[in-house]
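Working notes, structure below.
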Amino acid sequence: RQRVAGLCQRCSDSARRLHQAGVMWWFAPESYHIEKGVPMRFFFLLSNAAYLLSGFALLERTVSRGCPPLLGYLMMAACGYSTTYHAMQILFGVSSEAAKSTGRLDVGLAGLSAVYFFIECGCGTLYMRSLALVSGMMFVDVFQLGYTISHSLWHLGGAALAFQGGSEWTRRRRKIKWLPGAGPAPVRLVPVRPPISTPRLPRPRAISSRAAQNLPRISSRRAGRGKGGDARPPPRPSSSSGSSDSQASTKQTSRLTLRAA
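Numbering (UniProt numbering) for the sequence shown: 1 to 261.
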């Protein structure tokens with residue numbers, strides 16, 4: 001516990017030093033100015049709803065199609081702490097202690113979300129790289145649109161980038177393997193080779209009644225018995241009966257020779 005407390009104290013001291021040195025330029029009140037009009041402030045706070053919508057969409061994709069499970073919760077949390085930070089800016093001023101403390105929380109959580117996003121999803125497609133580049137330009141206010149408009153567009157671009165990253169992550173993972181709970185697995189069409197051709201026998205053709213009358217008729221056993229003849233073939237002599245017949249014939253020939261003598 002003492003080590004963890006010491007580490008947290010060192011991190012907070014380093015953050016304070018960076019803030020005092022002006023490295024964290026987004027904390028400096030001179031770097032931005034929030035418009036005083038109510039419609040512009042309302043639009044400024046309403047732009048954080050893009051994080052909420054992106055988080056709901058990512059959670060829905062997590063259940064139905066599969067998505068990075070933590071990305072949707074991070075986007076919903078971004079909606080909460082970003083809205084709180086900008087509300088503190090509007091209510092108490094950009095240089096107030098409440099705005100600075102919530103700003104540190106906003107920057108820290110946004111940095112962790114960005115690291116998780118680039119580790120899990122990355123920017124592999126040209127569309128995502130272009131979206132990330134435009135969002136970064138809005139964050140730095142390259143076009144000099146003012147902090148209120150440029151930062152609102154930064155909110156919209158970040159939410160769109162997170163949603164597109166989750167969609168690309170799902171599409172990439174579904175090509176590799178099936179995700180449990182991500183719907184049916186993609187069907188992989190494999191060409192099937194036809195079986196080896198075997199010679200087919202010709203089908204018997206139906207015979208007409210006239211051709212059937214011209215065919216030769218074969219007499220059946222019952223028809224033969226009715227006419228007095230036996231259609232059964234004579235029985236073949238067995239081996240024992242054949243030997244007895246040969247012995248009887250030899251005896252008869254010997255008797256005939258004795259009578260002749």
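For glycine and all other residues, C-beta sits at the position ideal for the given N, C-alpha and C.
Quick caveat, the model's predicted, so the values are computed rather than measured.
Separation of residue j from residue i, as counted between CA atoms
i, j, result
"Ser96", "Thr170", "42 Å"
"Gly136", "Leu58", "22 Å"
"Glu35", "Leu46", "14 Å"
"Arg173", "Leu133", "25 Å"
"His151", "Arg193", "59 Å"
"Arg1", "Ile149", "44 Å"
"Arg161", "Met75", "With the sequence shown as reference, residue 161 is identified as Leu, and Arg is not the correct amino acid for it. Leu161 and Met75: Cα-Cα distance of roughly 11 Å."
"Cys8", "Thr83", "25 Å"
"Phe117", "Thr198", "59 Å"
Among the options, the one whose alpha carbon lies nearest that of residue i
i, options, result
"Ser54", "Thr198, Gln2, Ala5, Leu156", "Leu156"
"Tyr127", "Phe163, Gly108, Cys67, Asp141", "Phe163"
"Pro69", "Cys121, Thr83, Thr102", "Cys121"
"Pro39", "Asp13, Ile90, Gly6", "Ile90"
"Arg104", "Asp13, Gly6, Val140, Phe44", "Asp13"
"Ala49", "Leu145, Leu153, Phe139, Lys100", "Leu153"
"Arg41", "Lys100, Gly146, Val142", "Gly146"
Beta-carbon proximity of residue i to residue j, cut-off 7 Å
i, j, result
"Gly158", "Leu71", "no"
"Asp106", "Tyr73", "no"
"Tyr51", "Ala78", "yes"
"Leu112", "Tyr81", "no"
Beta-carbon contacts of residue i that lie in its chain and below 6 Å, excluding the five residues immediately before and after
i, result
"Gly181", "Residue placement at Gly181 cannot be trusted, given a pLDDT of 48 that sits under 50; what the coordinates show is reported in the next sentence. Contacts found: none."
"Cys67", "Leu58, Arg61, Gly166, Thr170"
Beta-carbon contacts of residue i that lie in its chain and below 8 Å, excluding the five residues immediately before and after
i, result
"Glu168", "Cys121, Gly124, Thr125, Met128"
First through last residue of the alpha helix (DSSP H) which encompasses residue i
i, result
"Ile119", "97-120"
"Ser135", "126-140"
"Val38", "38-46"
"Phe92", "69-92"
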